[in-house]
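Input: a single structure, listed below in structure tokens.
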Amino acid sequence: MTVRVRFAPSPTGMFHVGGARSALQNWIYAKQQGGVFVLRIEDTDAARNKPEWTEGILSALDWIGISRGSYEGPYFQSSYAAEHRAAAQRLHDAGRAYYCDCTREAVQARTGSQYAGYDGYCRDRGLGPGEGRALRFRTPDEGETVVVDLIRGEPTFENRLIEDFVIARGDGSPVFLLANVVDDLTMGITHVIRAEEHLPNTPKQQLLWDALGVKPPVWAHVPVVVNEKRQKLSKRRDKVALEAYRDEGYLADAMRNYLMLLGWAPSGDREIVPWSVIEEEFRLTEVNPSPAFFDEKKLRAFNGEYIRALPVDEFVAACQPWLTGTDTIAPPPWQPEEFDAEAFARVAPLAQTRIAVLSEIVPNVDFLFVADPLTDEAAWAKAMKEGAAELLDAAIAGYEGLEPWDADALKSTLEAVGAERGLKLGKAQAPVRVAVTGRTVGLPLFESLEVLGRERTLARLRAARVRLV
Ligand code: GLU
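Numbering-wise, the sequence shown is residues 465 to 933 according to our numbering.
Structure, rendered in structure tokens:
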């Protein structure tokens with residue numbers, strides 16, 4: 465039997481990191497089993513779906529290495545409406561489903577609770593189809609439904625506790641529970657690897673598989689992803705969109721390595737490992753069923769390590785989207801013609817060891833390309849304390865005839881200027897740094913001045929001096 469897995473996102477918003485994790489687990493499982501990965505876009509919720517979200521899913525998957533053309537699909541759930549309806553009809557004709565015209569209020573009035581499930585009122589009323597009549601699945605009164613789950617063992621559900629659930633709405637349209645099963649069945653899916661949030665649906669869906677006369681798939685419900693307060697990651701509260709991480713400058717390799725650590729770890733004490741190791745060592749059956757903490761700080765640290773590990777030319781190439789701006793990344797504060805690739809190449813290795821996400825490249829190098837430094841007023845106030853004006857005067861005097869204009873000479877000159885005033889180099893640097901870069905922190909100062917050049921450095925020091933008068 466060929467293993468066939470699927471990833472079945474709904475295009476109702478940005479692509480959730482938890483979804484990306486499930487997609488990768490499906491992807492690796494298929495690869496390890498010599499199986500097939502199917503992408504199915506569950507686009508039947510017309511009110512919430514937008515085509516751009518589908519495009520977002522495809523490009524986000526592509527970004528983390530599940531590239532277009534290397535999987536089966538995408539199929540669109542909306543194209544299978546006829547199959548969904550036919551299955552609903554079959555279940556009805558076989559006596560496994562019945563029409564029901566109960567309103568929610570009527571059920572509540574009978575059961576005395578808004579939380580009680582459906583009470584089976586229409587089970588034996590023999591209603592035919594009609595406007596406003598939902599189709600309900602007749603769940604067995606006895607027995608158990610045993611879900612075979614590669615991660616959770618055999619969660620077992622008593623059938624008598626499963627209500628007669630709706631499979632098609634009053635307008636005849638099938639609901640998610642049914643459409644999802646019919647698609648899996650139509651597409652020959654053998655393993656359903658999906659988020660834990662769907663586990664409550666699983667016994668109902670397995671009953672549907674049984675009723676449709678097909679052996680259910682093997683299930684694997686991967687752990688819910690939570691924030692530091694152990695709350696489920698939510699798009700209203702947390703940063704969950706894979707696209708947001710991409711546009712902030714997370715590297716795809718760092719991201720997918722980190723996502724695979726949600727509930728699993730490679731052998732040894734390692735966490736940062738090449739993708740090939742993950743593909744070889746990952747075991748779905750070893751995934752920890754407990755909620756997985758999405759630790760953004762750790763991801764950031766990971767990303768910094770991945771950035772530092774890049775060859776410099778790859779780092780330079782990886783920075784390009786932030787140096788120019790794209791459809792989704794804001795343009796930098798300089799004009800395209802102000803950018804100097806050679807100057808950038810000189811400071812790139814200094815930046816590479818200091819940034820954790822690629823977008824941080826911009827505030828580190830903007831002083832080289834903008835006409836005037838983008839001065840942060842808080843930084844200015846902090847650095848331009850008493851004595852700053854005199855210090856700048858001395859620095860200007862020292863730098864005017866400096867030969868050679870290089871980091872060593874720039875440093876020893878300022879060291880001497882500071883020493884005359886009883887200042888350590890760090891203190892002496894602060895007004896110069898803010899005058900030239902507009903910030904209190906940044907790349908090593910003297911290398912920065914070397915690349916910026918004598919003329920611009922002096923012009924900025926003088927402009928700052930004027931401001932201090
Ligand atoms: N469309 C469902 C979701 O995005 C997928 C359900 C499943 O994987 O079975 O949650």
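For every residue, glycine included, the Cβ atom is placed at its ideal position computed from N, Cα and C.
Asked                                                                                                                                                                          : Found
Is there a Cβ of chain C sitting closer than 8 Å to that of D870, yes or no?                                                                                                   : This model lacks chain C altogether, as it is built from one protein chain only.
Can you tell me whether V933 is buried or exposed, with buried defined as 16 or more other CB within 10 angstroms of its CB?                                                   : exposed
Looking only at DSSP bridge pairs, what is C564 linked to?                                                                                                                     : A598
Under a three-way DSSP split, which group does D613 fall into?                                                                                                                 : strand
Write down every uninterrupted run of the alpha helix (DSSP H) in the segment 625-663 whose length is 4 residues or greater and which is fully enclosed by it, in chain order. : 640-650
In the DSSP assignment, the alpha helix (DSSP H) including T921 goes from what residue to what residue?                                                                        : 918-931
As an exercise, report each continuous beta strand (DSSP E) stretch of at least 3 residues that is fully enclosed by the segment 468-514, in chain order.                      : 468-471, 500-505
What is the C-beta distance between E608 and F621, in whole angstroms, given that I count them as a contact (C-beta under 8 Å)?                                                : 6 Å
Rounded to whole angstroms, what's the CA-CA distance from L913 to T901? Just pull it up for me.                                                                               : 9 Å
Between which residues of its own chain and R924 is the CB-CB distance below 7 Å, once the five residues before and five after are set aside?                                  : P837, A899, V900
In chain order, which alpha helix (DSSP H) runs of at least 4 residues are fully inside the segment 763-822?                                                                   : 776-788, 805-816
At what residues does the alpha helix (DSSP H) containing V898 begin and finish?                                                                                               : 889-901
Do A705 and F479 have their beta-carbon atoms positioned less than 8 Å apart in this structure?                                                                                : yes
Can you name, in chain order, every residue of its own chain whose Cβ lies under 7 Å from the Cβ of Q670, other than the five neighbours on each side?                         : T609, V611, P680
I need the straight-line Cα distance from G734 to Q695, nearest angstrom please.                                                                                               : Per the sequence shown, the amino acid found at residue 734 is Arg instead of Gly. Near 27 Å, if we compare the C-alpha coordinates of Q695 and R734.
Run through the DSSP bridge pairs and tell me what E608 is partnered with.                                                                                                     : E622
Touching or not, the segment 481-497 and the segment 511-529, by the rule of three or more beta carbon pairs under 8 Å?                                                        : yes
Give a yes or no on whether the C-beta atoms belonging to T654 and R468 are separated by under 8 Å.                                                                            : yes
Helix, strand or coil for K696 per DSSP?                                                                                                                                       : strand
Any contact between the segment 796-811 and the segment 777-788? By contact I mean 3 or more CB pairs, one from each, below 8 Å.                                               : yes
Does the Cβ-Cβ distance between E824 and G677 come in under 8 Å?                                                                                                               : no
If you measure between the beta carbons of R600 and A561, is that distance less than 8 Å?                                                                                      : yes
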